[in-house]
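Structure record follows, encoded as structure tokens.
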Amino acid sequence: MKRRHFIKSAGIIGASTLILPRTKIFGADAAGNKLNIALIGTWGRGEAHFGAISSENVVALCDVNEEHLAFGAKRFPKARQYVDWRKCLDQKDINAVVICTTDHTHAFAANWAMNRGQHVYCEKPLANSVEEARVVRGTYLKNKNRLATQCGTQRHENANFNRVRELILDGAIGKMESVSAWGNRQIPKPGYLPAMGEPPRYLHYDLWIGPSPFHPYNPGYFAGGPGMNCLSWNMYWDFGNGQIGDMGSHTMDLAWNALDATLPTSAVATGDPFNPDVSPVKLDMHMELPANDWRPGIRASWYQGGAMPESPNRMIDLQKIDHGAMYEGDKGVLVADFRSRLLYPLGNNAALTHYKPRTEASLIPEMGNFQKQWINACKGDLKTSCDFEYSGNMIETMLLGMVAYRVGRKIQYDSAAGKVIGDAEADALLSRKYRDGWTLHG
Ligand SMILES: NC(=O)c1ccc[n+]([C@@H]2O[C@H](COP(=O)([O-])OP(=O)(O)OC[C@H]3O[C@@H](n4cnc5c(N)ncnc54)[C@H](O)[C@@H]3O)[C@@H](O)[C@H]2O)c1
Numbered sequence: 000m001k002r003r004h005f006i007k008s009a010g011i012i013g014a015s016t017l018i019l020p021r022t023k024i025f026g027a028d029a030a031g032n033k034l035n036i037a038l039i040g041t042w043g044r045g046e047a048h049f050g051a052i053s054s055e056n057v058v059a060l061c062d063v064n065e066e067h068l069a070f071g072a073k074r075f076p077k078a079r080q081y082v083d084w085r086k087c088l089d090q091k092d093i094n095a096v097v098i099c100t101t102d103h104t105h106a107f108a109a110n111w112a113m114n115r116g117q118h119v120y121c122e123k124p125l126a127n128s129v130e131e132a133r134v135v136r137g138t139y140l141k142n143k144n145r146l147a148t149q150c151g152t153q154r155h156e157n158a159n160f161n162r163v164r165e166l167i168l169d170g171a172i173g174k175m176e177s178v179s180a181w182g183n184r185q186i187p188k189p190g191y192l193p194a195m196g197e198p199p200r201y202l203h204y205d206l207w208i209g210p211s212p213f214h215p216y217n218p219g220y221f222a223g224g225p226g227m228n229c230l231s232w233n234m235y236w237d238f239g240n241g242q243i244g245d246m247g248s249h250t251m252d253l254a255w256n257a258l259d260a261t262l263p264t265s266a267v268a269t270g271d272p273f274n275p276d277v278s279p280v281k282l283d284m285h286m287e288l289p290a291n292d293w294r295p296g297i298r299a300s301w302y303q304g305g306a307m308p309e310s311p312n313r314m315i316d317l318q319k320i321d322h323g324a325m326y327e328g329d330k331g332v333l334v335a336d337f338r339s340r341l342l343y344p345l346g347n348n349a350a351l352t353h354y355k356p357r358t359e360a361s362l363i364p365e366m367g368n369f370q371k372q373w374i375n376a377c378k379g380d381l382k383t384s385c386d387f388e389y390s391g392n393m394i395e396t397m398l399l400g401m402v403a404y405r406v407g408r409k410i411q412y413d414s415a416a417g418k419v420i421g422d423a424e425a426d427a428l429l430s431r432k433y434r435d436g437w438t439l440h441g
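Residues in the sequence shown are numbered from 0 upward in steps of one, following numbering that gives the first Met the number 0.
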């Protein structure tokens, strides 16, 4: 059957995302109107920011690996160089910071930078524990009238994110009942790596461990290529949260963008048997999100590593979507990946009479290049798509699900107080333990 005919007969509306040209900068780039940027993490994901920040003054570079620092210095030779981000952030002329380090240091560097009045772009995930998410969001909210923040979920610039949001807001699925997001990446690890050799002389391994409990050096934590090395360490609890901080941060962002959600009231999760060293490969978690002014309370779910939501119809094979989201309503189901979407109307007639599409003039405007949006915001109205309130709420919700997984039971959450209700064991897992000498509140 020809694809077009199949879609028509199945009652599915398909749409692919246009790939849109990168933005212009609206005059914010004029000489004398440049940011003084510090880049922390100057290789791997850090390199993906070279282009965007090269329009500004890059005044400081920091990396725990001196070879990676030299790599950054080749591109930005005028910048002062550091191996310890705490010292770097004290450089007086810095007014904006881009953080591309390991997940377990994100909330630290972000919070310290905001406390020094610096704008922050922080790679996803914004935090590695519920407490960290709350601290970073809290500091941002206190400084919202003077700082621009952006969490590095740059797929958000795909026009599909807002096309999905418009479909939901305009009633294409009727009354929203639930949302699910999933990812199929699997990086099984047995446990922390055994001690092996000495760190190379150019690597400040103790600073790499930073605030986390110490684990002996093994070259396996550094075995990945540029931009992929995070897959060498992000499964270990003290360095990451597995797929929640990895593809989960991108894919839940696709779902989250259409929810106008704050924080959940409960979470429950199941998955691989608990391993004290390593986060689970297979996992599903379900959080209850309270009603807001346009939708009722809904269930938000995250599936990974082979766990999948049920397909709404045998014609839709969700397994074919590596990283996707599905929104279920009383009149339809919307399935999306980062660049395309399918609407499946439900009911005997599936006539879509309830759906009132907006006019072209009222489509949500293009956001343009994601990194440039932050740079422009630092110099302008401070508004970004993934500020630390939006992204802080999202990662706190997922990390609460991870706490439910760890205790193996449903937990009730007082989101105003940041406390698990009536479950001391779960409550203790909202935060993680840091090595002496390290504080989130610098
Ligand atoms: N937005 C995306 O699409 C995307 C893609 C890849 C990675 N990431 C994120 O970027 C981050 C880095 O990932 P990666 O694969 O580049 O990892 P990586 O291990 O290669 O680290 C990146 C750089 O940071 C340095 N570094 C690590 N800890 C540091 C510290 N405490 N202080 C200073 N420098 C430090 C490393 O030496 C390296 O040069 C991760 O948090 C990952 O989730 C995001």
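Virtual Cβ for every residue (Gly too), placed ideally from N, Cα, C.
Ligand 1 heavy atom lying under 7 Å from the CB of residue i
i: residue 61; result: yes
i: residue 90; result: no
i: residue 209; result: yes
i: residue 153; result: yes
i: residue 79; result: no
i: residue 40; result: yes
i: residue 100; result: yes
i: residue 397; result: no
i: residue 450; result: The displayed coordinates of the chain run from 0 to 441. Any statement about residue 450 would go beyond what the structure contains.
i: residue 123; result: yes
i: residue 45; result: yes
i: residue 150; result: no
i: residue 138; result: no
i: residue 192; result: no
i: residue 161; result: no
i: residue 226; result: yes
i: residue 377; result: no
i: residue 229; result: yes
i: residue 67; result: yes
i: residue 104; result: yes
i: residue 236; result: no
i: residue 84; result: yes
i: residue 217; result: no
i: residue 64; result: yes
Assumed close pair residue i, residue j - CB separation to whole angstroms, cut-off 8 Å
i: residue 304; j: residue 280; result: 4 Å
i: residue 140; j: residue 118; result: Actually they are not in contact, since the Cβ atoms of residue 140 and residue 118 sit about 15 Å apart, beyond 8 Å.
i: residue 252; j: residue 152; result: 4 Å
i: residue 249; j: residue 267; result: That belief does not hold up - the Cβ atoms of residue 249 and residue 267 are roughly 23 Å apart, past 8 Å.
i: residue 226; j: residue 69; result: Incorrect: roughly 18 Å between the Cβ atoms, too far for contact.
i: residue 181; j: residue 308; result: 6 Å
i: residue 393; j: residue 179; result: Not really, about 15 Å apart at Cβ, beyond 8 Å.
i: residue 369; j: residue 155; result: 6 Å
Residues bridged to residue i [DSSP beta-bridge criterion]
i: residue 418; result: 413
i: residue 322; result: 182
i: residue 285; result: 267, 300
i: residue 344; result: 331
i: residue 493; result: In this structure the chain extends from 0 to 441, so residue 493 is not present and cannot be described.
i: residue 79; result: 59
i: residue 64; result: 202
i: residue 306; result: 304
i: residue 38; result: 60, 97
i: residue 280; result: DSSP, once it has assigned bridges, lists no residue as partnering residue 280.
Residue i at chain C interface by Cβ criterion, 8 Å
i: residue 281; result: Given the protein chain composition of this structure (a single chain), no chain C is represented.
Residue i Cβ short of 7 Å to ligand 3 heavy atom set
i: residue 206; result: Ligand 3 is not among the ligands present in this structure, which contains only ligand 1.
- Per the contact definition of three or more C-beta pairs closer than 8 Å, is the segment 180–199 in contact with the segment 402–420? In short, these stretches do not touch, since the Cβ pair count stays below three.
- Report the residue ranges of all beta strand (DSSP E) runs contained in full by the segment 111–135; include only those spanning at least 3 residues, in chain order. Correct list: 118–122.
- Message: Counting beta carbon pairs with one atom in the segment 268–284 and one in the segment 229–239, are three or more of them shorter than 8 Å?
- Response: A contact exists between the segment 229–239 and the segment 268–284.
- Could you tell me which uninterrupted beta strand (DSSP E) segments, each at least 3 residues in length, are contained entirely in the segment 132–208, listed from first to last along the chain? Fully enclosed beta strand (DSSP E) runs of 3 or longer: 148–151, 175–182.
- Task: Take every Cβ of the segment 255–265, pair it with every Cβ of the segment 392–407, and state whether three or more of those distances are shorter than 8 Å.
- Result: Yes, the segment 255–265 is in contact with the segment 392–407.
- Check whether the segment 202–221 touches the segment 330–350, counting contact only when three or more Cβ pairs, one atom from each stretch, lie closer than 8 Å. With fewer than three CB-CB distances shorter than 8 Å, the segment 202–221 does not count as touching the segment 330–350.
- Message: Quick check: the segment 131–139 against the segment 169–177, are at least 3 beta-carbon pairs closer than 8 Å?
- Response: Because the criterion of three Cβ pairs below 8 Å is not met, the segment 169–177 and the segment 131–139 do not touch.
- Message: Any contact between the segment 73–89 and the segment 49–60? By contact I mean 3 or more CB pairs, one from each, below 8 Å.
- Response: In short, these stretches touch, since the Cβ pair count reaches three.
- Query: Taking one C-beta from the segment 209–219 and one from the segment 293–301 each time, how about it: are there three or more such pairs within less than 8 Å?
  - Reply: The segment 209–219 vs the segment 293–301: no contact.
- Item | Touching by the beta-carbon criterion (3+ pairs, under 8 Å), the segment 159–170 and the segment 352–361 | The segment 159–170, when compared against the segment 352–361, does touch it at the 8 Å Cβ threshold.
- Taking contact to mean at least 3 C-beta pairs separated by less than 8 Å, is the segment 191–198 in contact with the segment 366–380? Too few Cβ pairs lie closer than 8 Å, so no.
- Message: If contact is defined by three or more beta carbon pairs under 8 Å, each pair taking one atom from either stretch, is the segment 33–40 in contact with the segment 80–100?
- Response: Enough Cβ pairs lie closer than 8 Å, so yes.
- Task: Flag this pair as touching only if the segment 93–113 and the segment 123–131 have three or more C-beta atom pairs under 8 Å; answer yes or no.
- Result: Segments in contact, yes.
- Entirely within the segment 203–247 and at least 3 residues each: give me those beta strand (DSSP E) ranges in chain order. Within the segment 203–247, no beta strand (DSSP E) run of at least 3 residues lies entirely inside it.
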